[in-house]
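Novice:
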Amino acid sequence: MDTGSTAWMLASTALVCLMVPGLALFYGGMVAAKSVLNMIMMTFGSVALVGCIWVVYGFSAAFGDSIGGAGLLGDVSEFFGMSGVIADDPKAVIPLSVFAAFQALFAALTAALICGAISDRIKFGAWMAFSGIWVTLVYLPVAHWVFAFDGKGVTGGWIVNKLGAIDYAGGTAVHINSGAAALAVILVLGRRIGWQKKGGQERPHNLPLVMLGAGLLWFGWFGFNGGSALSSGNAASVVVLNTFTATCSAMLGWLLVEKVRDGHSTTLGAASGAIAGLVAITPSCGAVSPVGALALGAVGGAVCALAVGLKYKFGYDDSLDVVGIHLVGGLTGTLLVGVLATSDAPNGVDGLLYGGGFSLLGKQAVGAFAVLAYSFTVTWLIAKALDKTMGLRVRPEVEQEGVDVHLHAESAYDLTHPPATTSPVPEPVAAG
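Residues 12 to 443, numbered by our numbering, are exactly what the sequence shown covers, in order.
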C-alpha cells in the first residue's frame, strides 16, 4: 500500500466533492432569481441519487469484469452492494474503496452537468427519474468503455483497451457524454416560453455567484484530473500543471473572441472560458506538454465561445450552454490529443505534430463519436419515454411565475418584506 498515493487520492476525492457546490453556484448564478434554488436542487438532487445507485450496482457495472469479454458493460454482480470493496488488500497500491468513492463523484457530476441545459422548465420529479435512468443506461456503460482498464484476469472497456484511444479524465465519458445527452433532452423538452424575447430575464441574475462557482470548479478540477493519475507521482504533477495552463489560455481565448465579436469582454465570458479550458484539457492533460496545453486551451476557449451562438442559429434552447461548452469542448480536447500528444507526457504517445501520424487521431475520433452517438440516441429515448408517461415539463404558469416557489415552496431572496428590526427606534419625547 502506497500511503502517499492513498493520501493524494483521498484529497482528490474531497476536491472533486467541492465541485458539487461549485457547479450549483455556477449554474445558479446564471439563471433568473426565480429559478436559482431549483437549479441548485437539481444539481444536489442528482448527486444524491447517483451516489446511492453507485453503491448498489453502479461501481460494479462500470468497473466489474466485462460481461462476455466484449468490453461493453461490467459484471453487475461482481461488486454488488460494494461487495469486496472495503476488504484490505495488502497487494493494492491504493485501497479500492477510495477509488470507488473518487469515481462515484465522476458519475454524479456527469449527470448533474445535464441540468444546466434544461433550466426553468422541467419537473423536479421528472428530473430525478431521468437522472437515475440515465446514469444506469448511459453513463455506466460509457464509463466501462473508457475507464475500465484490462488487468490480471480482468477484461475492461473496448475504447480504452481494444481501440486504444486516450481519455485521461473523462473528455468522452463525462463531457461529450453529458453534452450529447443535454442536446437530446433539449429537443424533447422544447424551448422556454418566450425564449429570445424575454430580455433581461435571460441574463444571469448574480454574476459574482457565477464567478465563485467557476473558481470552485477550477480548484476542484485539480483533483478531478490530477486524481485520475491514481498516484502522487510525476504524472499527477504534470496533469495539474497542464490543467492550470490550459484554463488560463482558454479564458483569454474566450475573452478575445468576445472583444472582437461584441466589442467588450465580460465576467460571464471569463467564467465560461475557464470552464471551456477545463473541459478541453480533461481528456488530454496526460498527453500534452505545457506548451501544448496552452495551445489546446486557447483553441478550446475560442471554439466554445463561437459554438454557444449555434443555439440561436439552429433554434435549440440550451439554457446555460452545456452543449456549446461540454459537447464542443469535449470533442475539441479529445480530437486534439491526436494532434498535440507528445511521448514526453505521461501517456507516452506521439500525435500528428510529433511524428505519430494519423493513427491516434483516428482512434480519438472513433471513441468520441461513438460516445456521442450512443449517448444522444439512448438519452432521446429515455426523455421521450418519460415525457409520454409522467411528463417532463412544468405547466406554463409555473414556468412564467417561477419554478422555485411552485416546485420547492421557497424563494432565494426575500424581496417583498422589509427586514425586521430587533431594536425599534423610540418615539421622540417632547421638550419639557
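We put the beta carbon where it would ideally sit given N, CA and C, even for glycine. Computed from a predicted structure; not experimentally measured.
1) Counting Cβ pairs closer than 8 Å, one from the segment 266 to 282 and one from the segment 313 to 331, do we hit at least three?
2) Starting from VAL165, follow its DSSP beta bridges and name the residues at the other end.
3) Quick one: measure Cβ to Cβ for TRP156 and MET53, integer angstroms, because I've assumed they're closer than 8 Å.
4) Just the Cα atoms here: how many angstroms apart are THR198 and ALA396?
5) According to DSSP, what are the bridge partners of SER77?
6) To the nearest whole angstrom, what separates the beta carbons of GLY75 and GLY168, a pair I think is in contact under 8 Å?
7) Which residue's Cα is closest to the Cα of ARG214: ALA159, THR293, PHE230, VAL42?
8) Three or more C-beta pairs under 8 Å: does that hold for the segment 60 to 79 against the segment 241 to 258?
9) Does DSSP classify ARG272 as helix, strand or coil?
10) To the nearest angstrom, how far is the alpha carbon of GLY69 from that of GLY308?
11) Between which two residues does the alpha helix (DSSP H) containing ILE144 stretch?
12) Is it true that the CB of LEU228 sits closer than 8 Å to the CB of LEU403?
13) Helix, strand or coil: how does DSSP classify SER23 here?
14) Can you tell me whether ILE97 is buried or exposed, with buried defined as 16 or more other CB within 10 angstroms of its CB?
15) Are at least three pairs of beta-carbons, each pair with one atom in the segment 114 to 126 and one in the segment 22 to 41, less than 8 Å apart?
16) Take every Cβ of the segment 182 to 190, pair it with every Cβ of the segment 337 to 355, and state whether three or more of those distances are shorter than 8 Å.
17) Tell whether a beta-carbon distance below 8 Å holds between VAL27 and VAL146.
18) What are the boundary residues of the alpha helix (DSSP H) that TRP232 is part of?
19) Against chain C, with Cβ distances strictly below 8 Å, would LEU267 count as a contact?
Specialist: On the basis of the data shown:
1) yes
2) GLY162
3) That belief does not hold up - the Cβ atoms of TRP156 and MET53 are roughly 26 Å apart, past 8 Å.
4) In the sequence as displayed, the identity of residue 198 is Leu instead of Thr. Distance between the alpha carbons of LEU198 and ALA396 is about 13 Å.
5) GLY85
6) Wrong, their Cβ atoms sit about 11 Å apart, outside the cutoff.
7) VAL42
8) no
9) helix
10) 32 Å
11) 135 to 145
12) no
13) helix
14) exposed
15) yes
16) yes
17) no
18) 218 to 237
19) In summary, chain C is missing from the structure at hand, where a single protein chain is found.
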